[in-house]
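Before any comments, here is the structure.
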Amino acid sequence: MRPSPSPPHNPPSPPPPSSPPPRPWLPCSCAAPDRPARTPPQSPHRLRRRQPPDPHPLAPIGHPPAARRRTMKIGILGTGHIGTTLTQRLSAAGHDVKVANSRGPETIGPEVLASGGRAVLAAEAVIDVDVVILSVPLHRLPQLAPLLTALPSGTVVIDTSNYYPQRDGRIEAIEAGQVESLWVAERLGRPVVKAWNAIGSPSFAAKGQPAGSPDRIAIPVAADDDKHRDVAMALVEDTGFDAFDAGPLAQSWRQQPGTPCYCTDLALEEMPEQWAAADARRSPTRRDLAVAAIQERVGDATTNPDAEYGVRLNRALFI
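Counting from 1, position 7 in the sequence shown corresponds to residue 61 in the working numbering; the numbering is continuous, with no gaps.
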């Protein structure tokens with residue numbers, strides 16, 4: 055249990071035309087108003103921009119260059135907006151990617167597999183892999199626990215979800231203040247990494263840049279296992295974004311809706327200050343204001359916000 059409020063899920067922004075149909079915007083739960091705001095951690099974060107760009111960034115830190123030439127075997131569960139882009143980007147980067155959803159491999163469209171990903175059954179997606187990425191709604195994550203029981207301890211499990219009580223149902227432990235990623239780790243029975251939850255789906259699909267690009271967006275990555283965090287950060291970079299070391303899971307509330315790091319398309323150099331500026335007392339209100347503003351505009355072609363509206367709105371409210 056953590057002494058601070060849990061943040062909810064990344065509301066998906068209107069996708070580009072090639073993306074799957076948009077999901078409805080869901081309001082998020084508020085933390086108790088009398089909970090004190092959290093203070094920044096005592097030790098600063100590590101800014102880790104790999105320069106000059108490393109063509110083989112996937113080995114754990116400190117390994118010789120030869121060790122970085124291997125691809126990673128990755129299983130992705132979920133083919134929503136984030137899961138689709140992950141499949142496309144990671145397979146395009148040269149990784150061996152298997153992807154599954156709850157409806158069966160025959161329902162996974164060719165656009166998802168265009169870069170070389172393979173559609174498989176969910177049980178097959180987690181066999182003989184280095185990394186498993188869970189990109190499904192939070193309330194469904196406990197159902198995946200049986201699939202993960204046989205995974206070796208060294209397999210990296212990455213969670214991209216966030217909590218929406220309106221979609222996920224009221225989860226009392228999270229409402230009482232447990233960090234959602236810690237709740238997920240408990241339900242899965244193994245450690246997780248939190249990544250790709252704080253990037254809007256349009257930005258994730260369209261704004262990836264080569265390493266070293268001046269306008270490259272950063273994505274926070276939180277985990278309790280340093281080696282697992284390193285692997286996830288390298289994969290974030292392979293999807294076209296700078297990876298920001300966001301520390302342990304207990305601090306992952308700082309990359310959730312309503313906080314300055316959340317879907318505001320920050321550069322890596324901006325992340326430390328904005329990460330530390332997260333305010334647990336105010337972030338639920340700011341989050342709900344953003345959701346209400348977007349819901350008010352969603353309706354028809356004349357009012358639906360474009361892909362950049364969410365970023366502009368979040369910057370105005372969260373920073």
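Quick reminder that beta carbons are idealized off the backbone N, C-alpha and C, glycines included.
Can you tell which of the options has its C-alpha closest to the C-alpha of residue i?
{"i": "P314", "options": "P264, I348 and R336", "result": "R336"}
{"i": "N216", "options": "V210, A277 and A252", "result": "A252"}
{"i": "D184", "options": "T141, A346, R157 and H282", "result": "H282"}
{"i": "G243", "options": "S257, G262, G312 and A199", "result": "A199"}
{"i": "A204", "options": "A297, P326, P159 and D182", "result": "D182"}
{"i": "L343", "options": "A370, D280, P164 and D279", "result": "A370"}
{"i": "V210", "options": "C317, M287 and D360", "result": "M287"}
{"i": "N368", "options": "A334, D279, A230 and R341", "result": "R341"}
{"i": "Q220", "options": "H193, G353, P206 and G163", "result": "H193"}
{"i": "P338", "options": "D354, E327 and Q309", "result": "Q309"}
{"i": "A239", "options": "G364, I348 and L195", "result": "L195"}
{"i": "V51", "options": "G353, A277, L140 and V345", "result": "Within the shown structure, residues of the chain are numbered from 55 to 373, placing residue 51 beyond reach of any answer."}
{"i": "C317", "options": "A265, L201 and F258", "result": "F258"}
{"i": "P264", "options": "Y363, D296 and L201", "result": "D296"}
{"i": "L140", "options": "P206, T161, A168 and P159", "result": "A168"}
{"i": "L202", "options": "R241, Y363, G266 and I162", "result": "R241"}
Among all the DSSP beta bridges, which residues are the ones paired with residue i?
{"i": "A276", "result": "K248"}
{"i": "V211", "result": "V186"}
Write down the C-beta distance between residue i and residue j rounded to the nearest angstrom, noting that I regard them as a contact closer than 8 Å.
{"i": "L236", "j": "A304", "result": "7 Å"}
{"i": "G129", "j": "S145", "result": "Not a contact, Cβ separation roughly 12 Å."}
{"i": "A173", "j": "V153", "result": "6 Å"}
{"i": "I271", "j": "V247", "result": "Their Cβ separation, rounded to whole angstroms, is 19 Å, which puts I271 and V247 out of contact at 8 Å."}
{"i": "I273", "j": "W250", "result": "6 Å"}
{"i": "E136", "j": "S255", "result": "For the sequence presented, residue 136 should be read as Ile rather than Glu. Right, their Cβ atoms sit about 6 Å apart."}
{"i": "P164", "j": "L175", "result": "Rounded, the Cβ-Cβ distance is 18 Å, inconsistent with contact."}
Compute the Euclidean distance between the alpha carbons of residue i and residue j, then round it to the nearest angstrom.
{"i": "T214", "j": "M325", "result": "19 Å"}
{"i": "N358", "j": "E350", "result": "9 Å"}
{"i": "V233", "j": "W307", "result": "7 Å"}
{"i": "A179", "j": "V166", "result": "15 Å"}
{"i": "Q328", "j": "I373", "result": "7 Å"}
{"i": "E226", "j": "A330", "result": "27 Å"}
{"i": "Q197", "j": "I187", "result": "15 Å"}
{"i": "P311", "j": "V151", "result": "29 Å"}
{"i": "D292", "j": "A147", "result": "6 Å"}
{"i": "D280", "j": "G132", "result": "25 Å"}
{"i": "A334", "j": "G231", "result": "11 Å"}
{"i": "M126", "j": "H149", "result": "5 Å"}
{"i": "D260", "j": "D319", "result": "Note on residue identity: the sequence assigns Ala, not Asp, to residue 260. Taking the straight line joining both Cα atoms gives about 12 Å."}
{"i": "F298", "j": "L322", "result": "7 Å"}
{"i": "S384", "j": "G134", "result": "The requested residue 384 does not occur in the structure, where the chain is confined to residues 55 to 373."}
{"i": "A355", "j": "A361", "result": "13 Å"}
{"i": "P245", "j": "P302", "result": "11 Å"}
{"i": "A277", "j": "N155", "result": "25 Å"}
{"i": "D269", "j": "D284", "result": "23 Å"}
{"i": "S207", "j": "V275", "result": "20 Å"}
{"i": "G294", "j": "R143", "result": "8 Å"}
{"i": "L80", "j": "P191", "result": "With a pLDDT of 43 at L80, under the threshold of 50, the modelled position of that residue is not reliable, and no figure is offered here."}
{"i": "G223", "j": "G266", "result": "42 Å"}
{"i": "T161", "j": "T138", "result": "13 Å"}
{"i": "Y363", "j": "Y218", "result": "21 Å"}
{"i": "L289", "j": "V352", "result": "33 Å"}
{"i": "R157", "j": "A300", "result": "34 Å"}
{"i": "A85", "j": "G262", "result": "Reliability of the predicted coordinates at A85 is poor, the pLDDT of 31 falling under 50, and no value is obtained from them."}
Using only the heavy atoms of the ligand MN, determine whether one of them is closer than 8 Å to the beta carbon of residue i.
{"i": "L175", "result": "Absent from the structure shown: the ligand MN. Ligands present: none."}
Check your understanding: At which residue ranges does the region 121-194 contain complete alpha helix (DSSP H) runs of 4 or more residues, listed in the order of the chain?
Key -> 135-146 and 176-179
**Study point:** Contained beta strand (DSSP E) runs [length at least 3] in the region 293-322, N- to C-terminal order
**Key:** 296-299
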